[in-house]
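All remarks here apply to the structure that follows.
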Amino acid sequence: MEKQQLFPVNPLYSVLAELVLDEVVRLYRIEQLKKAIDDALLSRDEEKFLQLSEELRMLKCEP
0 MEKQQLFPVN PLYSVLAELV LDEVVRLYRI EQLKKAIDDA LLSRDEEKFL QLSEELRMLK
60 CEP
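Numbering (numbering that gives the first Met the number 0), first residue to last: 0 to 62.
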């Protein structure tokens, strides 16, 4: 037996939900990178700092 939808789903809502989720994940990753950069600075790990800083820069440039 096929399950009937109680309310019709507007395809636009799915697209909007995906955009919102993508942005939330991007912002969460930015916060993670900032914390990791702070840790790299505290431990004086220049290589890690440069790698994470570049990743953060690229992530912030994304539309």
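Built from N, CA and C at the ideal position, the CB exists for glycine as well. Just so you know, these numbers come straight off a predicted model, no measurement behind them.
Between which residues of its own chain and residue i is the CB-CB distance below 8 Å, once the five residues before and five after are set aside?
i: Leu55; result: Ile29, Leu32, Lys33, Ile36
Return the chain-ordered list of same chain residues with a C-beta closer than 7 Å to the C-beta of residue i, the five sequence neighbours on each side being excluded.
i: Phe48; result: Ile36, Ala39, Leu40
i: Leu20; result: none
Is it the case that the CB of residue i approaches a heavy atom of the ligand ZN more closely than 7 Å?
i: Ile29; result: Within the structure as shown, the ligand ZN is missing, as the structure has no ligands at all.
Closer than 8 Å is the cut-off here; do at least three beta carbon pairs connect the region 45 to 59 with the region 11 to 29? yes
**Study point:** Ranges of the alpha helix (DSSP H) found wholly within the region 7 to 60, counting only runs of at least 4
**Key:** 10 to 41, 45 to 60
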